[in-house]
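Start counting the sequence shown at 2; every next residue gets the next number (the UniProt record's numbering). Step one of this worksheet: look at the structure below.
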Amino acid sequence: NHSIILDVDTGIDDAMAIMFAVKHPDVDVRAISCVSGNTGLDNVVANTLKILDVVDAPDIPVAAGATRPLIEEPRDASYVHGADGLGNSSLPVSSRAVVPEHSVEMMRRMLVESAEKLTIVALAPLTNVALLLRMYPECADKIERILFMGGSASVGNATAVAEFNIWHDPEAASIVVNSGVPLTMYGLDVFNSVIVEPDDVARLTASDDPIASTLGALLGFRMEGVDGGPDNAFSRIGDAGAVCSLVAREFMNCQTHALQVETAAGYARGQTIVDRRDHAGEDVVHGLAGPWPTADVILGADVDAVVKVFL
Ligand code: BDR
Ligand code: CA
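What follows is the structure in C-alpha cells.
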C-alpha cells in the first residue's frame, strides 16, 4: 500500500492522476496540495475540487499553497490545458472548500500525524515541497520518498532542454533534489511515451459512467489539441503515469543516476542534468563539483502494460 500526499497544478493530466490515485485500491491519498503552475492557483484549487467530486472523494483534504514560484513570475500553460486549466471542461463548480491552512502547513500536519512515512507525489512545480523542506526540515525524516514528475534526461518541452515543472521554479527543484530525501524522477523521457489509443478514448468518452466519460473528455481535449497542431494528435496520460509508476513499478525502466538542476540564467535554466555516464562522479576527482545527489530515474516503460493498468 502506498500512502501519499499529492502536490498538483490541476491541469488536465493532474486531473487524470488524481482520478487514478483515488480509485486505485493500493493507493491511499491522504491529502492534496495545490500550487500555481499549469494555471493560476484559484483555477488549480477549483479544478482539483471538481475532479474529487467526479470520483466521489469528499473527505480528502485539499489545501491551497504557493501562488507563484520562489523567484520568477508565474507563467501558466493555458496553451496546453485551456483557459481554465482543465480543457475548458463543463464540470460543475464544487461546493466543497479547501482546508483553512496553507499547503505547507497541511503537509507538515499530515506528516507529523501519520504513523508511517508518507510518499510525496509531486506533479507540478516544486514550490510547495521546497517551502516545506525549508520551513520544516525535520519533516524530511517522515517522507518516504519524493516521486516527482519533472525534468528530462533528453529533450525538454518548455525550452529545448527544460521540462515545464522544473523550468517554472528551478530554485525549488534544486532545493528538493539536494534535500537528501530519496527521489524518483518521472521525466519527459517516459512521460511523452505513455499514450492512450484513439479507440479507447472514444470508448471512454461515450461511456455512461461519469468517471470514464470525464476521463475520455480529458484525454480527448489533448487529442484534438488547442491549435489542432500535430503535437496534440495523441493522448498522453501524462502525470497519471507517475502515479502508475508507484503501483506498476515492474513495467518501468528505472536506473539510478546522479542528478542536478541548472539554476543559472541562460539557455539551460531549468534543465535537469542526469549523469548517465558509466564514470559518473569523476568530476569530483577533477575538482569540478562536489558529489551529486542521486535519483531513481524512470527512463521508459512498457507502454501497453502501463496503459492497461491505467485504464
Ligand atoms: C508537466 O507540465 C504540465 O503541463 C503537466 O501537468 C505536467 O505536470 C509536463 O511538463
Ligand atoms: Ca502537472
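In this text, a Cβ means the ideal position worked out from N, Cα and C, and glycines have one as well.
Within the continuous beta strand (DSSP E) that includes residue i, where are the two ends?
i    : result
A65  : V63 to A65
R31  : V28 to C35
D169 : In the sequence as presented, Asp is not what sits at residue 169; that position holds His. Premise fails: H169 lies in the alpha helix (DSSP H), F165 to H169, not in any beta strand (DSSP E).
A259 : M253 to V262
G301 : T295 to A302
Cutting at 7 Å between CB atoms, please list the residues of its own chain near residue i, excluding the five before and the five after it.
i    : result
V105 : G66, N129, L132, L133 and M136
A269 : V162 and E263
R110 : none
E117 : S4
Q256 : V298 and L300
T206 : S214, G217, A218 and G221
A154 : G188, D190, V275, R277, V298 and L300
Taking 6 Å as the limit between beta carbons, can you name the residues of its chain near residue i, skipping five residues before and five after?
i    : result
N179 : P294
I72  : E172
M108 : I6, S34 and L133
V304 : S194 and V195
Q261 : I274 and W293
P75  : S37 and R69
A175 : Note on residue identity: the sequence assigns Ser, not Ala, to residue 175. V262 and T264, listed in sequence order.
For the alpha helix (DSSP H) that residue i lies in, which residues bound it at each end?
i    : result
E145 : Taken as a continuous stretch (DSSP letters only), E145 belongs to no alpha helix (DSSP H), being part of the beta strand (DSSP E) at I144 to M150.
D15  : I13 to K24
S79  : S79 to H82
Starting from the Cα of residue i, find the closest Cα among the options and give me that residue.
i    : options                   : result
G83  : D201, A207, T206 and N39  : N39
D57  : D210, S91 and F222        : D210
V113 : P101, D142 and D85        : D142
I238 : T206, V195 and P93        : V195
V45  : G12, D60 and P62          : G12
V182 : G152, W168, M150 and I121 : I121
V81  : P138, P26, D15 and D27    : D15
L87  : Q261, V197, D10 and T185  : D10
F149 : F235, L247, P199 and F252 : L247
G152 : F311, M17, G271 and A266  : G271
D201 : K309, F192 and P26        : K309
I212 : V99, A32, A98 and L312    : L312
R146 : L184, M20 and I61         : L184
Tell me whether residue i, by its Cβ, gets closer than 7 Å to a heavy atom of ligand 1.
i    : result
V81  : yes
F222 : no
L124 : yes
M150 : yes
E73  : no
G239 : yes
Using a threshold of 7 Å, is the CB atom of residue i nearer than that to any non-hydrogen atom of ligand 2?
i    : result
L300 : no
G188 : no
A141 : no
D10  : yes
Please indicate yes or no: does the CB of residue i lie closer than 7 Å to some heavy atom of ligand 4?
i    : result
D279 : Of the ligands one can find in the structure shown, namely ligand 1 and ligand 2, none is ligand 4.
Counting Cβ pairs, one atom from each stretch, are 3 or more of them under 8 Å apart for the segment 154-162 and the segment 117-126?
no
Okay, do the segment 44-54 and the segment 85-99 touch, 3+ Cβ pairs below 8 Å being the bar?
yes
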